[in-house]
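This report concerns only the one structure given below.
Chains as they are written, first to last, in this note's numbering: chain A, 1 to 114; chain B, 115 to 225.
Structure (structure tokens):
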């Protein structure tokens, strides 16, 4: 049973560029959330996708956008990259819009903006 | 601002001891609470979650929840050096499914 898979694992981008990160949820899960984790901090919620729609959004600018596909996989896009966007980007999967269900994280994508 | 607070540590315990990790939260609407373990350079790994007042045990781990005091804790019995990691506490609301994380407590288990 495959867990949450993310790609790419590591990437380096230049300020002003755009990046796309990908996530496949755990088998049986249909909800994908994205988090940003800066060094030494806890993960911060970016947004959540369910039934191909953005259901909730955290305090992130519109430069951060996403998409969910019919197979439940998801993409996170970040435009006009800033140095401060350097972080570990985590995808979390769960089943349904139900509080208290297990939430698993993928291995993450390490983004460095130079 | 809805917050989850954790002592950053490091919490240092000898091998075989009980490690006690604590977490407080500000939003009384929080319903479920999650504990994750994160090794340096890795992603968070789910240990367990709890949503009812009282204790929940899973192997060497026990989560404790006191909603009246807005307090969550994680006990690790028979601590091993391999338990050395950062432990993240997260709260989830009933209608808001996002997790709000604390900054984590670093645990060091001395051989």
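Beta carbons: idealized from backbone N, C-alpha and C, even for Gly.
Keep in mind it's a predicted model, so treat the numbers as computed, not measured.
For residue 169 of chain B, the enclosing beta strand (DSSP E) has its first and last residue at 168-172. In the displayed model, residue 84 of chain A falls within a helix according to three-state DSSP.
In the three-state scheme derived from DSSP, where H, G and I count as helix and E and B as strand, residue 25 of chain A is classed as coil. A Cβ-Cβ contact shorter than 8 Å links residue 218 of chain B with residue 42 of chain A. Annotated three-state conformation of residue 195 of chain B is helix, per DSSP.
Within the region 145-174 of chain B, contact with chain A at the beta-carbon level (separation under 8 Å) is assigned to 145, 146, 148, 150, 156, 157, 158, 159, 160, 163, 165. With fewer than 16 neighbouring CB atoms inside 10 Å of its own CB, residue 15 of chain A falls in the exposed class. Here residue 111 of chain A is buried. Its C-beta has 16 or more other C-beta atoms within 10 Å. DSSP places residue 132 of chain B in the coil class of the three-state scheme, outside both helix and strand. Of all C-beta pairs linking the region 52-62 of chain A to the region 206-215 of chain B, three or more are shorter than 8 Å, placing the two stretches in contact.
If the five residues before and after residue 88 of chain A are omitted, its C-beta is found closer than 6 Å to the C-beta atoms of 37, 108, 110, all from its own chain and listed in chain order. If you draw a 10 Å sphere on the C-beta of residue 152 of chain B, you find 16 or more other C-beta atoms in it, and that means buried. Non-local C-beta neighbours of residue 21 of chain A in its own chain, meaning closer than 6 Å and more than five positions away in sequence, comprise 76, 89, 109, ordered along the chain.
Against chain B, the beta carbon of residue 93 of chain A has no neighbour under 9 Å; the closest one sits roughly 11 Å away. Taken atom to atom, the span from the alpha-carbon of residue 173 of chain B to that of residue 200 of chain B is near 19 Å.
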